[in-house]
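Visitor: Just passing along the structure, written as structure tokens.
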Amino acid sequence: MLVIVRPPALAFRDAISNHPDHVRIDVARARVQHAAFCAALEGAGLPLLRLPEEPDLPDATFVSDTLVALAPVLPNRAPVVVVARPAVASRRREVDSVLRASLPYLPADTQFVPVEDPGTLEGGDVVVYGDRIAIGLSARTNALGARVLADVARSLGYRPFLCPVTDRLHLATAITAVDVSTLIGTAAGFASLDAAGPDAAPAGEFRRLLLPDEELPGANVLAIGGHVFLGSGNPTAARLLRETGLAVDELELDEFALADGGPTCLVNILP
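Set out below in structure tokens:
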């Protein structure tokens with residue numbers, strides 16, 4: 110496993126955001142928060158691939174949106190990297206540098222599947238839990254892009270589910286996976302998942318950690334390496350996560366929240 114990260118550049122102050130206070134983004138503070146986040150990942154024993162800043166790309170710190178790397182569930186299948194195509198044209202330049210940096214660390218038999226025009230796909234709309242993959246149909250990921258990922262996932266042994274997202278940026282804005290059988294999210298996040306069908310997260314098979322709407326940022330957590338990384342200021346999320354028995358790292362990430370981002374947005378994981 111390798112975790113790709115990229116610090117925010119000065120251009121981050123112009124990141125695309127619907128947050129009412131996005132004009133208050135403090136890049137210097139964001140850099141400090143990002144450095145602390147990376148230190149916490151390394152402290153948990155996770156290997157990082159640190160990419161340089163992209164001075165002309167405001168959203169490049171959100172590396173999750175560029176690639177979706179999947180290890181096969183079925184035997185005798187090669188791993189696949191789905192090369193994303195962000196919906197906002199200005200973000201498409203972010204993809205190539207992440208892809209090039211990842212190549213030396215991928216198995217030699219890795220297959221690459223691009224999302225092509227007019228399809229769009231962003232990693233923030235992808236939640237993997239066990240052999241299931243929830244794919245958000247949002248303003249950033251359309252049906253064509255979602256079907257590319259769904260077809261690849263199915264060929265590797267995953268069960269893909271297409272989830273409507275109408276009230277927020279990405280699917281993972283309001284629901285993420287804690288482990289293979291535990292999900293955390295707001296009511297709207299779980300509603301998106303349930304709209305995909307009863308097999309997306311059957312009640313008897315999955316534990317649901319339900320958050321109040323005012324703790325929406327707490328629905329985006331990064332669970333990896335036996336740790337859960339959570340933006341601070343979400344007490345219900347912190348309590349529910351600790352009750353799962355996992356180590357919870359609460360980190361100041363509010364500058365990224367002003368750009369509609371959370372812990373999962375700041376990493377791209379190569380399995």
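So for the sequence shown, the numbering used here puts the first residue at 110; every next one is plus one.
All C-beta atoms, glycine included, are put in the ideal place defined by N, C-alpha and C.
So, at 6 angstroms on beta carbons, what are the nonlocal neighbours of T175 in its own chain, with the 5 sequence-adjacent residues on each side left out?
Guide: Counting only Cβ-Cβ distances below 6 angstroms, and skipping sequence neighbours, we find A193, E203, V204, V207.
Visitor: What is the residue span of the beta strand (DSSP E) that V236 lies within?
Guide: From DSSP, the beta strand (DSSP E) with V236 extends over 235–238.
Visitor: Should P164 and R115 be called a contact, given that it needs their Cβ atoms to be closer than 9 angstroms?
Guide: The answer is no: Cβ separation not under 9 angstroms.
Visitor: What residue from V141, I113, M110, L111 has the CA that sits closest to E364's CA?
Guide: The shortest Cα separation from E364 among V141, I113, M110, L111 belongs to V141.
Visitor: Spatial neighbours of A297 within its chain, please: C-beta separation below 8 angstroms, excluding the five flanking residues on both sides.
Guide: So the qualifying residues of the chain are D276, R277, A283, D322.
Visitor: Hey, could you find the ends of the beta strand (DSSP E) G245 is sitting in?
Guide: Looking at the DSSP string, the run of the beta strand (DSSP E) that includes G245 is 241–246.
Visitor: Contact check, P156 vs L215 under 8 angstroms by CB: the rounded distance?
Guide: The pair is not a contact, with the Cβ atoms about 14 angstroms apart (cut-off 8 angstroms).
Visitor: Pull up the CB-CB distance for V235 and L258, whole angstroms please, since I reckon it's below 8 angstroms.
Guide: Contact flag correct, Cβ pair sits at about 7 angstroms.
Visitor: Determine the burial state of L212: buried for a count of at least 16 other Cβ atoms within 10 Å of its Cβ, exposed for fewer.
Guide: Exposed.
Visitor: Is the beta carbon of R256 sitting closer than 9 angstroms to the one on D308?
Guide: Against a cut-off of 9 angstroms, the Cβ pair of D308 and R256 comes out as no contact.
Visitor: On the DSSP letters alone, give me the boundaries of the alpha helix (DSSP H) that F365 sits inside.
Guide: Looking at the DSSP string, the run of the alpha helix (DSSP H) that includes F365 is 363–366.
Visitor: By the 10 Å Cβ neighbour count, where 16 or more other Cβ atoms means buried, how is L292 classified, buried or exposed?
Guide: Label assigned to L292: buried.
Visitor: Starting from P223, trace the beta strand (DSSP E) both ways and give me its first and last residue.
Guide: Here the beta strand (DSSP E) through P223 covers 220–223.
Visitor: Would you mind sorting V261 into buried or exposed? The rule is 16 or more other CB atoms within 10 Å of its CB.
Guide: The residue in question, V261, is buried, as its Cβ has 16 or more Cβ neighbours within 10 Å.
Visitor: Alpha carbons only, please: which of D226, I242, N127, P195 is nearest the one belonging to V172?
Guide: Out of D226, I242, N127, P195, P195 has the C-alpha closest to the C-alpha of V172.
Visitor: Cα separation between G233 and A217?
Guide: Between G233 and A217, the C-alpha separation is close to 26 angstroms.
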